[in-house]
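In this note's numbering, the protein residues as written are 585 to 1001. A virtual CB, placed ideally from N, CA and C, is assigned to each residue, including glycine. Predicted, not measured: the structure shown is a model, and the values here were computed from it. Below is one structure, written out as structure tokens, with a few remarks after it.
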């Protein structure tokens, strides 16, 4: 969770009022967030530091202090939700270090806050040890390891930068590679878990810049490229094995998901225009009039999937579901190819589109389902879905569960930050 400016601006322009504080705490770089379930620690931070987002007339987001736990606009906080009951594995400290090689694919990763010892906005170095304030990777069989050399939660926080909680850890779509920040080297590293091969990304990223502003990183679908959206460093796509910069993103544009070689990367302007990036140049293909959530270019090289909603860009979202259709657009002509109304299971609230699973389905990530009548919080975490772009049908792929004192989830094929 960071104060990555362009993404925070995007959130502030597009998220419903009820979600602004929660979105900022869970992940200020998660664009077009509709609804994200926060951890109990995030709720504590929201009330302890009493911070809300305010929008100035120019559309920019800033952090402003208020005098109570209630935002200056929008519905009031109802208080800290009941913490879910820990499962047996939550109570067992993860002490085992991720082996240097011979490890199977990662299912997901998460970091935690030392149960109740972590204090938002303070120097937390005294509470850090080998079992907490670290990224944990979860294998397909449920085995958990800690990534000891990966920076996770920043212990050197202040009340000014507390929203920037942790350095990112990204997972390739097949789960065989992870990318993370190594503070001693002040660089990102990519690690292939089976072979043990390690590649250091050449771009220097100062720890101070990470703590103050943070960044977002993402693998391309084949895991051979890594996209860096980092404050204070040019936004680039890097070939992992050679270290060569293969794309530089022009000022004012950002991306979530870099493309494979030969496929253009979908980029978005800070004011909402959509384009594709190739050889350092952006070709605009759409200027949506309503809230949209954009994915990557499809397997055919020309089709782009988008979630759209009924609310115009200049209007605020309501408390309801902001996305009701899945639309595909031709990136060369801007023409709509298909449009289908979403048929989601349960309380799906997607906040990010990922890569295409096949010629018909795209990945989506949303919060866990909530039961408004239960009177308590559900398990924390995120859920992966597949959306059929031709029918709007949605199927659940799996849930990435957080312990009750967890911070954030990193899922394969999605941006981390």
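Residues that residue i bridges to, as DSSP identifies them
{"i": "residue 946", "result": "940 and 971"}
{"i": "residue 763", "result": "754 and 774"}
{"i": "residue 980", "result": "969"}
{"i": "residue 990", "result": "696"}
{"i": "residue 794", "result": "Answer by DSSP bridge pairing: none, since residue 794 is not bridged."}
{"i": "residue 910", "result": "891 and 924"}
{"i": "residue 717", "result": "None; residue 717 has no bridge partner."}
{"i": "residue 802", "result": "811"}
{"i": "residue 784", "result": "773"}
{"i": "residue 729", "result": "721"}
Cα-Cα separation between residue i and residue j, rounded to whole angstroms
{"i": "residue 989", "j": "residue 732", "result": "19 Å"}
{"i": "residue 765", "j": "residue 785", "result": "10 Å"}
{"i": "residue 924", "j": "residue 858", "result": "20 Å"}
{"i": "residue 761", "j": "residue 734", "result": "14 Å"}
{"i": "residue 804", "j": "residue 716", "result": "30 Å"}
{"i": "residue 768", "j": "residue 894", "result": "47 Å"}
{"i": "residue 1000", "j": "residue 753", "result": "6 Å"}
{"i": "residue 927", "j": "residue 977", "result": "5 Å"}
{"i": "residue 807", "j": "residue 940", "result": "14 Å"}
{"i": "residue 836", "j": "residue 813", "result": "12 Å"}
{"i": "residue 890", "j": "residue 791", "result": "35 Å"}
{"i": "residue 866", "j": "residue 789", "result": "25 Å"}
{"i": "residue 950", "j": "residue 970", "result": "11 Å"}
{"i": "residue 997", "j": "residue 938", "result": "6 Å"}
{"i": "residue 936", "j": "residue 964", "result": "17 Å"}
{"i": "residue 856", "j": "residue 879", "result": "14 Å"}
{"i": "residue 1052", "j": "residue 811", "result": "Shown here, the chain extends from 585 to 1001; a query on residue 1052 therefore has no answer."}
{"i": "residue 773", "j": "residue 795", "result": "18 Å"}
{"i": "residue 738", "j": "residue 751", "result": "7 Å"}
{"i": "residue 825", "j": "residue 777", "result": "15 Å"}
{"i": "residue 736", "j": "residue 695", "result": "7 Å"}
{"i": "residue 679", "j": "residue 692", "result": "17 Å"}
{"i": "residue 884", "j": "residue 823", "result": "22 Å"}
{"i": "residue 864", "j": "residue 843", "result": "13 Å"}
{"i": "residue 915", "j": "residue 871", "result": "12 Å"}
{"i": "residue 686", "j": "residue 979", "result": "32 Å"}
{"i": "residue 637", "j": "residue 874", "result": "Note that residue 637 has pLDDT 26, beneath the 50 cutoff, so the model's placement of it is unreliable and no number is given."}
{"i": "residue 809", "j": "residue 846", "result": "12 Å"}
{"i": "residue 907", "j": "residue 892", "result": "5 Å"}
{"i": "residue 911", "j": "residue 943", "result": "14 Å"}
Buried or exposed (CB count within 10 angstroms, at least 16 for buried), residue i
{"i": "residue 876", "result": "buried"}
{"i": "residue 852", "result": "buried"}
{"i": "residue 720", "result": "buried"}
{"i": "residue 920", "result": "exposed"}
{"i": "residue 718", "result": "buried"}
{"i": "residue 676", "result": "exposed"}
{"i": "residue 841", "result": "buried"}
{"i": "residue 780", "result": "exposed"}
{"i": "residue 604", "result": "Its pLDDT being 30, under 50, residue 604 is placed unreliably in this model, and the value from its coordinates should be taken loosely. With 16 or more other Cβ atoms within 10 Å, it is buried."}
{"i": "residue 992", "result": "buried"}
{"i": "residue 818", "result": "exposed"}
{"i": "residue 831", "result": "buried"}
{"i": "residue 945", "result": "buried"}
{"i": "residue 684", "result": "exposed"}
{"i": "residue 782", "result": "exposed"}
{"i": "residue 966", "result": "buried"}
{"i": "residue 828", "result": "exposed"}
Assumed close pair residue i, residue j - CB separation to whole angstroms, cut-off 8 Å
{"i": "residue 798", "j": "residue 689", "result": "Their Cβ separation, rounded to whole angstroms, is 27 Å, which puts residue 798 and residue 689 out of contact at 8 Å."}
{"i": "residue 995", "j": "residue 755", "result": "7 Å"}
{"i": "residue 918", "j": "residue 869", "result": "5 Å"}
{"i": "residue 682", "j": "residue 757", "result": "In fact, because the Cβ distance is near 19 Å, the residues do not count as touching under 8 Å."}
{"i": "residue 861", "j": "residue 888", "result": "Wrong, their Cβ atoms sit about 12 Å apart, outside the cutoff."}
{"i": "residue 881", "j": "residue 848", "result": "6 Å"}
{"i": "residue 981", "j": "residue 968", "result": "4 Å"}
beta-carbon residue i near the ligand ADP non-hydrogen atom, thresh 7 Å
{"i": "residue 965", "result": "Among the ligands in the structure shown, none appear at all, so the ligand ADP cannot be discussed."}
Test: residue i CB closer than 8 Å to a CB of chain B
{"i": "residue 835", "result": "The question asks about chain B, but that chain is absent: this structure has only one protein chain."}
Entirely enclosed beta strand (DSSP E) segments - the region 831-877, minimum 3 residues: 849-853, 858-862 and 865-870
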